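This report concerns only the one structure given below.
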Amino acid sequence: MQALSCKKALGSVQAFTARPQTSVKRANLQVVAVSIKEVRVRIGSVSNTKKITEAMKLVAAAKVRRAQEAVVNGRPFAENLVKVLYGVNQRLRVEDVDSPLVAQRPVKSVALVVVTGDRGLCGGYNNFVIKKTEARAKELEGMGINVRLICVGRKGGVYFRRRPQYNIESTFEVGQQPTIKEAQAIADDIFADFVSQEVDKVELIYTKFVSLISGSPVIQTLLPLSPSGEVCDINGNCVDAAEDEVFKLTTREGQLVVESEQVRTATDDFDAGLIFEQDPVQIVDALLPLYLNASLLRSLQEALASELAARMNAMSNASDNAGELKKSLSRIMNRKRQARITTELSEIVAGASSV
Amino acid sequence: MTLQVCIMPPDRIFWNDQADEIILPTNTGQMGVLTNHAPLITALDIGVTLIRSNSNWNPVALMGGFALVKQNQVTILVNEAESAQTIGVDEAEIAFQEAKTKLEQSQGEKQRVEATFVFKRARARYQVVKQLGV
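Line by line, the protein sequences give chains A and B. Just so you know, we're using my numbering here: the first sequence kicks off at 1460 and counts up by one. Just so you know, we're using my numbering here: the second sequence kicks off at 217 and counts up by one.
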């Protein structure tokens, strides 16, 4: 597919200024001394661009549906995990938990996991995340904390690689859908970093899926985990692990909308007679890496959904712009065509009257 | 009376079927579960679980997690699960040997932690295909 972005189309309208004519502003039409044929060619190219952007919008809409199914498929796992986590936590005191993943240490080095997309043409999506990352990195370095980046998604990787002041530890590509293999690879990397004490904190910067129109990048603390599985952002606001927000893409009055509902997993007490094959502490040890994997996967899925929504919007705007541009170009062409006919007629009339 | 075995990695339900017996690779050794087992929760190491239906043993590689046994329902939550159909024999063997050498050559805490994971997983996959070959 030719990647003709509408930005490029508009750009070439400005490129018209390179020729000895004035550029076209949409509001006030100035007479351009460009031939009719060239304008016709221009209209053709703008319609093609419009078709492409419309197709991209539909493709993105179809993919949002798939992304949503992926989140729904992950729910049984998440629910069961939360139930067991709660049940096990009741059997032991928080102080007893010894897992390396909950170790709170004085923070000297932080790893930032930055989730961007692989492709562009999604409006401000990638840019918002990158700007947020830069701001956070600056903030941390101002406090004397070492920062290293783990870039998920080609756009972020390319951006930060070009800037040598950032220490990039590794980059990952996501592909069509985030799978557990990729989540596992990233989780392995940060697990090894954290457990070997090369970093003392791992933060995740990704775009939460809020609605079809807006997404907001958030910074979440991935490691150290809290033993009860709470999800915290850097300001210390914590959300219970049992509460979850599920989003659903539906249509209302012919428009695509996103509905989200809060679900709370029922967490009953464990059977009093439940045998713990190993110490509850060891069991929590086994649960926490699972929890890390699952929440990382969930964040990647949400980030993908946000990217698709952003792309839908950007392509929808681009299609609208292309439509308007086509209209104004058609108007110019018609005026010129009429002007030419008028001159021909007046020449003929002048010639006839001189006879 | 049979067991209902449900294996779940984070993104889907991998296996949800009846079985007569299941052998789990726990942190503290191999453990067998038959029908009417007492309720139990155990952590699972990266390894192979064997599921028996009548006299057929099905090996499945599990990449660490835990198992909950309650009223003949065995719920297994793991990072990832692979059955013999999706593992190629030769590549599993090559991957296993590579992981082994990498583990022996690893230096530094972080490399060793990573290499151990990779080794254990390659070993689990290799054991699954070896089981079928036997």
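For glycine and all other residues, C-beta sits at the position ideal for the given N, C-alpha and C. No experiment lies behind these values; they were computed from the predicted model shown.
For residue 329/B, would you say it is in contact with chain A, using Cβ-to-Cβ distances shorter than 7 angstroms as the test?
Residue contact check for residue 329/B against chain A: a CB pair falls below 7 angstroms.
Tell me, to the nearest whole angstrom, how far the beta carbon of residue 259/B is from that of residue 1760/A; I am working on the premise that it is less than 8 angstroms.
Residue 1760/A and residue 259/B do not touch by the CB rule: their CB atoms are close to 26 angstroms apart, not below 8 angstroms.
7 angstroms is my cut-off, CB to CB: does residue 225/B come that close to chain A?
Cβ-Cβ to chain A under 7 angstroms: yes for residue 225/B.
Opposite residue 265/B in the DSSP bridges: which residues?
According to DSSP, which records beta bridges pairwise, residue 265/B is partnered with 276/B.
Given that residue 282/B touches chain A, what residues does it touch there, using C-beta distances under 8 angstroms?
Those within 8 angstroms of residue 282/B in chain A are 1543, 1742, 1745, 1746 and 1749.
Does any C-beta atom of chain A lie closer than 7 angstroms to the C-beta of residue 239/B?
Residue contact check for residue 239/B against chain A: no CB pair falls below 7 angstroms.
By Cβ distance below 7 angstroms, which residues in the same chain neighbour residue 335/B in space, the five residues on each side in sequence not counted?
For residue 335/B, where only same-chain residues beyond five positions count, the Cβ hits under 7 angstroms are 315, 316 and 319.
State the CB to CB distance for the pair residue 280/B and residue 261/B, rounded to an integer number of angstroms; the pair is presumed to be in contact (CB under 8 angstroms).
Sure, about 6 angstroms apart at Cβ, within 8 angstroms.
When DSSP labels each residue in this structure, what does residue 1533/A get in the three-state scheme?
Look at residue 1533/A here: in three-state DSSP terms it is coil, with no helix or strand label.
DSSP beta-bridge partners for residue 1416/A?
No answer is possible for residue 1416/A: the residues shown for chain A start at 1460 and end at 1814.
Within the 7 angstroms Cβ cut-off, does residue 1651/A reach chain B?
Interface residue, yes.
Please classify residue 1480/A as buried or exposed, where buried requires at least 16 other C-beta atoms within 10 Å of its C-beta.
Confidence at residue 1480/A is low in this model, with a pLDDT of 43, below 50, so the placement of that residue should be treated as unreliable; the coordinate-derived value is given next. The C-beta of residue 1480/A has fewer than 16 other C-beta atoms within 10 Å across all chains shown, which makes the residue exposed.
Straight-line CA distance for residue 1768/A to residue 1521/A?
Each residue's Cα considered, the two are about 11 angstroms apart.
Whole angstroms is fine: what's the gap from residue 1664/A's alpha carbon to residue 1755/A's?
Take the alpha-carbon of residue 1664/A and the one of residue 1755/A: they are about 11 angstroms apart.
Under a CB-based cut-off of 7 angstroms, is residue 311/B close to chain A?
Residue 311/B does not count as touching chain A.
Taking 7 angstroms as the CB-CB cut-off, is residue 1761/A touching chain B?
Contact with chain B is absent for residue 1761/A, since none of that chain's Cβ atoms lies less than 7 angstroms from the residue's Cβ.
Nearest-angstrom Cα distance between residue 1542/A and residue 292/B?
One C-alpha to the other measures close to 13 angstroms.
Per-residue burial, residue 1600/A [other beta carbons within 10 Å of its own, 16 or more giving buried]
The residue in question, residue 1600/A, is exposed, as its Cβ has fewer than 16 Cβ neighbours within 10 Å.
Below 7 angstroms on C-beta distance, what does residue 1645/A contact in chain B?
In chain order: nothing, as chain B lies at least about 12 angstroms away.
Closest Cα partner of residue 1648/A within the set 325/B, 305/B and 342/B:
Answer by Cα proximity: 325/B.
Quick one: which residues of the segment 285-296 of chain B get their C-beta closer than 8 angstroms to a C-beta of chain A? List them in chain order.
Listed in sequence order: 286, 291, 293, 294, 295 and 296.
Contact between the segment 1589-1596 of chain A and the segment 1631-1648 of chain A (3+ Cβ pairs under 8 angstroms)
For the pair of segments examined, the segment 1589-1596 of chain A was found not to touch the segment 1631-1648 of chain A: the number of CB pairs separated by less than 8 angstroms stays below three.
Determine contact between the segment 1609-1619 of chain A and the segment 1577-1591 of chain A, defined as no fewer than three beta-carbon pairs at a distance below 8 angstroms.
Touching, per the Cβ criterion.
Assuming residue 282/B and residue 1746/A are in contact, meaning their beta carbons sit under 8 angstroms apart, how far apart are those beta carbons, in whole angstroms?
Their Cβ separation, rounded to whole angstroms, is 6 angstroms, which keeps residue 282/B and residue 1746/A in contact under 8 angstroms.
If you pair each beta-carbon of the segment 263-274 of chain B with each one of the segment 227-239 of chain B, do three or more pairs fall below 8 angstroms?
Touching, yes.
Own chain, CB closer than 7 angstroms to residue 345/B, minus 5 neighbours either side, in chain order:
300, 303, 305 and 308, listed in sequence order.
Kindly give me the distance between the Cβ atoms of residue 1749/A and residue 1572/A, rounded to whole angstroms, as I take these residues to be in contact under 8 angstroms.
That pair is no contact at about 18 angstroms.
Over the uninterrupted beta strand (DSSP E) stretch that includes residue 291/B, give me the two end residues.
Residue range 289-294 is occupied by the beta strand (DSSP E) that includes residue 291/B.
For chain B, find out if any of its Cβ atoms is closer than 7 angstroms to the Cβ of residue 1483/A; answer yes or no.
Its pLDDT being 47, under 50, residue 1483/A is placed unreliably by the model, and nothing is read from it.
Taking the C-alpha atoms as reference points, what is the distance between residue 233/B and residue 333/B?
So the alpha carbons of these two residues sit roughly 29 angstroms apart.
Three-state secondary structure (DSSP) at residue 1745/A?
Residue 1745/A falls in the helix class under three-state DSSP.
If you reduce the DSSP assignment to three classes, tell me which class residue 242/B lands in.
Reduced to three states, the DSSP call for residue 242/B is strand.
Three or more beta-carbon pairs under 8 angstroms between the segment 1522-1534 of chain A and the segment 1622-1632 of chain A, yes or no?
Counting Cβ pairs under 8 angstroms, fewer than three are found: no touch.
Rounded to the nearest angstrom, what separates residue 226/B and residue 284/B at their Cα positions?
Cα-Cα distance, rounded: 16 angstroms.
Name the chain A residues whose beta carbon is nearer than 7 angstroms to that of residue 333/B?
The contacting residues are 1647.
Cβ-based neighbour list, residue 296/B, same chain, cut-off 6 angstroms, excluding 5 preceding and 5 following
Same-chain partners within the cutoff: 225 and 279.
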